[in-house]
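The opening residue of the sequence shown carries number 17 in our numbering; numbering runs sequentially from there. Before any comments, here is the structure.
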Amino acid sequence: MLIKILGGYQTDFARNWLKEDVSIVEAFKECVSGALESSRLNASDIETIHVGNAAAELFLSQGHLGALAIEADTSLRGLPSARHEAACASGSIAALAASAEIEARRYEVALVIGIEQMKTVDPQKCGDFLGTAAWYEKEAKDIEFPFPKLFGKLGAEYIDRFNISHDYYSECQSYLSDLMFTNARLNQKAQSRIWDIASISDKLAARISPEITVKDCSQITDGAVAIIIASEQFAAKYAQNRGINLDSIPSIKGWGHTTAPIALSDKLSESRNTRYVLPHARKAIMDAYYRAGIAGHSCLDSYEFHDCFTTTSYASIDLVGLTKPGQNHVAIEKGWIEKDGLLPLNPSGGLIGAGHPVGATGVRQLLDSYLQISEKAGSYQVELKNKNVLAVNIGGSGTTTVATVIGKNEL
Numbered sequence: 017m018l019i020k021i022l023g024g025y026q027t028d029f030a031r032n033w034l035k036e037d038v039s040i041v042e043a044f045k046e047c048v049s050g051a052l053e054s055s056r057l058n059a060s061d062i063e064t065i066h067v068g069n070a071a072a073e074l075f076l077s078q079g080h081l082g083a084l085a086i087e088a089d090t091s092l093r094g095l096p097s098a099r100h101e102a103a104c105a106s107g108s109i110a111a112l113a114a115s116a117e118i119e120a121r122r123y124e125v126a127l128v129i130g131i132e133q134m135k136t137v138d139p140q141k142c143g144d145f146l147g148t149a150a151w152y153e154k155e156a157k158d159i160e161f162p163f164p165k166l167f168g169k170l171g172a173e174y175i176d177r178f179n180i181s182h183d184y185y186s187e188c189q190s191y192l193s194d195l196m197f198t199n200a201r202l203n204q205k206a207q208s209r210i211w212d213i214a215s216i217s218d219k220l221a222a223r224i225s226p227e228i229t230v231k232d233c234s235q236i237t238d239g240a241v242a243i244i245i246a247s248e249q250f251a252a253k254y255a256q257n258r259g260i261n262l263d264s265i266p267s268i269k270g271w272g273h274t275t276a277p278i279a280l281s282d283k284l285s286e287s288r289n290t291r292y293v294l295p296h297a298r299k300a301i302m303d304a305y306y307r308a309g310i311a312g313h314s315c316l317d318s319y320e321f322h323d324c325f326t327t328t329s330y331a332s333i334d335l336v337g338l339t340k341p342g343q344n345h346v347a348i349e350k351g352w353i354e355k356d357g358l359l360p361l362n363p364s365g366g367l368i369g370a371g372h373p374v375g376a377t378g379v380r381q382l383l384d385s386y387l388q389i390s391e392k393a394g395s396y397q398v399e400l401k402n403k404n405v406l407a408v409n410i411g412g413s414g415t416t417t418v419a420t421v422i423g424k425n426e427l
């Protein structure tokens with residue numbers, strides 16, 4: 017059974033809700049109202065709700081976000097609603113759960129929301145909160161900015177395993193962040209779209225670890241995203257009533273979901289007998305290809321990858337199959353991942369350019385994939401040849417990976 021995406025909405029990731037005196041309930045209302053308007057549906061059409069959120073208990077002293085979501089519209093009251101947490105992969109886990117309910121024929125239409133308010137604390141406290149997505153006692157406790165340091169070790173693993181010079185690897189990282197800032201300028205919901213990069217170059221150059229500067233990091237972001245998904249049976253009636261072709265509605269064609277050991281040292285130790293530095297992420301991607309019935313990256317038009325740091329965007333190149341493991345730099349040298357390249361990476365600007373409200377990112381990636389396939393991405397639209405886009409959402413230091421192929425049938 018194919019799951020259809022009927023529409024969605026994203027808040028502006030450049031906003032600061034605390035400064036605007038915007039509550040998380042108001043953010044719920046904005047994204048739900050926008051998703052309903054986009055889908056041309058009413059709140060009464062929704063049958064089940066799934067919310068992705070990583071850390072509202074820490075940032076807001078607020079739990080039970082599944083219940084809070086129904087405050088978005090009185091017509092949602094009484095519906096089944098639940099919150100899902102899988103660190104930065106919370107949003108895609110919520111989407112998987114909603115899809116499973118539709119596939120099981122429990123419900124026909126689901127509202128999937130990803131939401132996170134992070135600008136309630138200073139950067140150091142935020143870093144500590146995010147450290148709970150790692151093995152906190154072993155990897156994050158009493159460590160300043162633990163995740164940049166952990167993901168720096170991922171870069172060090174590539175440098176050591178594939179005999180790359182540190183300076184050359186740093187050049188690749190700089191290219192990747194510059195590419196994301198360039199792409200983000202075309203996205204009217206992107207956090208960094210109006211940044212004057214030259215004026216803040218000194219700040220961006222500040223080094224956090226041997227492999228990571230501020231420029232290599234996604235930023236603290238407030239954001240909410242909602243999509244509405246439905247069964248093929250519901251979508252057929254929906255299309256007929258609106259005079260549109262069912263095959264023109266993008267589908268979730270395939271998915272993969274894996275969980276690696278939570279400690280980065282365990283991941284890297286286990287991976288040294290394999291071809292890939294992050295083999296569990298590679299498996300999730302291959303599972304998504306298989307379930308979608310596509311051969312691999314050559315059947316894609318672009319991909320949205322979880323570039324929380326440039327070390328993950330570098331790793332993405334071999335993980336999706338664009339190059340052999342360790343040859344990632346070839347795609348950079350040849351411009352293959354640029355917007356008009358062989359396989360564009362994050363035309364939205366990704367996490368580094370567009371922003372990373374951690375619990376919302378997975379849903380945002382699905383929404384941007386939907387926009388690409390629907391040819392509604394505006395100025396950051398890529399050319400569609402295969403009508404397939406891959407979204408890869410990662411939680412922790414490569415611990416939880418969800419890969420999703422969004423596409424549509426040939427018309």
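Every residue, glycine too, gets a C-beta built ideally from N, C-alpha and C.
Anticipated Cβ contact below 8 Å, residue i with residue j, distance rounded
| i | j | result |
| --- | --- | --- |
| residue 207 | residue 30 | 5 Å |
| residue 241 | residue 78 | The pair is not a contact, with the Cβ atoms about 18 Å apart (cut-off 8 Å). |
| residue 382 | residue 243 | 6 Å |
| residue 110 | residue 68 | 4 Å |
| residue 357 | residue 305 | Actually they do not touch by this definition, with Cβ atoms about 20 Å apart. |
| residue 48 | residue 102 | That belief does not hold up - the Cβ atoms of residue 48 and residue 102 are roughly 22 Å apart, past 8 Å. |
| residue 420 | residue 268 | 6 Å |
| residue 378 | residue 107 | 3 Å |
| residue 105 | residue 416 | 4 Å |
| residue 57 | residue 265 | With 8 Å as the limit, residue 57 and residue 265 do not qualify as a contact, their Cβ atoms being about 13 Å apart. |
| residue 313 | residue 359 | 6 Å |
Proximal residues to residue i (C-beta, below 6 Å), its chain only, five neighbours per side dropped
| i | result |
| --- | --- |
| residue 192 | 326, 329 |
| residue 393 | 387 |
| residue 366 | 196, 323 |
| residue 143 | 161 |
| residue 145 | 71, 74 |
| residue 347 | 333, 338, 339, 353 |
| residue 156 | 147, 150, 162 |
| residue 351 | 357 |
| residue 494 | The first residue shown for the chain is 17 and the last is 427, placing residue 494 beyond what the model contains. |
Candidates the options, of which the one nearest residue i by Cα
| i | options | result |
| --- | --- | --- |
| residue 121 | 250, 85, 261 | 250 |
| residue 300 | 285, 321, 280, 315 | 321 |
| residue 294 | 174, 186, 371 | 174 |
| residue 231 | 47, 267, 371, 266 | 371 |
| residue 130 | 46, 257, 290 | 46 |
| residue 283 | 296, 368, 112, 152 | 296 |
| residue 204 | 21, 403, 369 | 369 |
| residue 138 | 280, 235, 165 | 235 |
| residue 177 | 377, 412, 285 | 285 |
| residue 279 | 273, 22, 414 | 414 |
| residue 385 | 376, 363, 401 | 363 |
| residue 400 | 318, 350, 343, 375 | 318 |
| residue 380 | 407, 316, 403 | 407 |
| residue 116 | 361, 152, 246 | 246 |
| residue 202 | 22, 355, 409, 38 | 355 |
| residue 422 | 308, 409, 395, 289 | 308 |
Residues of its chain near residue i, where Cβ-Cβ distance is below 8 Å and the 5 sequence neighbours each way are ignored
| i | result |
| --- | --- |
| residue 95 | 62, 63, 64, 65, 86 |
| residue 133 | 33, 34, 40, 43, 72, 75, 76, 238, 373 |
| residue 212 | none |
| residue 181 | 175 |
| residue 258 | 56 |
Identified DSSP bridge partners for residue i
| i | result |
| --- | --- |
| residue 381 | Beta-bridge pairing links residue 381 to no other residue. |
| residue 233 | 325 |
| residue 320 | 407 |
| residue 415 | Per DSSP, none; premise fails for residue 415. |
| residue 274 | 417 |
| residue 364 | Bridge partners of residue 364: none, in fact. |
| residue 20 | 246, 267 |
| residue 66 | 98, 128 |
| residue 241 | 26, 130 |
| residue 216 | According to DSSP, which records beta bridges pairwise, residue 216 is partnered with nothing at all. |
| residue 54 | In the DSSP output, where bridge partners are listed per residue, residue 54 has none listed. |
| residue 40 | Paired residue(s): none; residue 40 is not in a bridge. |
Proximal residues to residue i (C-beta, below 7 Å), its chain only, five neighbours per side dropped
| i | result |
| --- | --- |
| residue 397 | 388, 391 |
| residue 335 | 292, 294, 297, 298, 301 |
| residue 229 | 220, 221, 222, 223 |
| residue 188 | 330, 345, 348 |
| residue 59 | 52, 89, 91, 92 |
| residue 136 | 34, 75, 76 |
| residue 469 | For the chain, the structure presents residues 17 to 427; residue 469 sits outside this window and is missing. |
| residue 248 | 17, 18, 20 |
| residue 402 | 315, 316, 317 |
| residue 28 | 205 |
Legend entry - Every unbroken beta strand (DSSP E) inside the stretch 99-174 [3 residues or more]: Within the stretch 99-174, the complete beta strand (DSSP E) runs of at least 3 residues are 125-132.
Inset, instruction - Identify every run of the alpha helix (DSSP H) within the stretch 78-102, keeping only runs that are complete inside it and at least 4 residues long; order them along the chain. - result: Within the stretch 78-102, the complete alpha helix (DSSP H) runs of at least 4 residues are 81-85.
Legend entry - Runs of alpha helix (DSSP H) lying entirely within the stretch 280-318, each at least 4 residues, in chain order: With a minimum length of 4 residues, the continuous alpha helix (DSSP H) runs that stay inside the stretch 280-318 are 280-287, 295-308.
Inset, instruction - Could you pull out every unbroken alpha helix (DSSP H) segment of at least 4 residues lying fully inside the stretch 173-214, listed in chain order? - result: Fully contained in the stretch 173-214 are the following alpha helix (DSSP H) runs of length 4 or more, in chain order: 182-200.
Inset, instruction - Enumerate, from N- to C-terminal direction, the unbroken alpha helix (DSSP H) stretches of 4 or more residues contained entirely within the stretch 328-358. - result: Within the stretch 328-358, the complete alpha helix (DSSP H) runs of at least 4 residues fall at 344-349.
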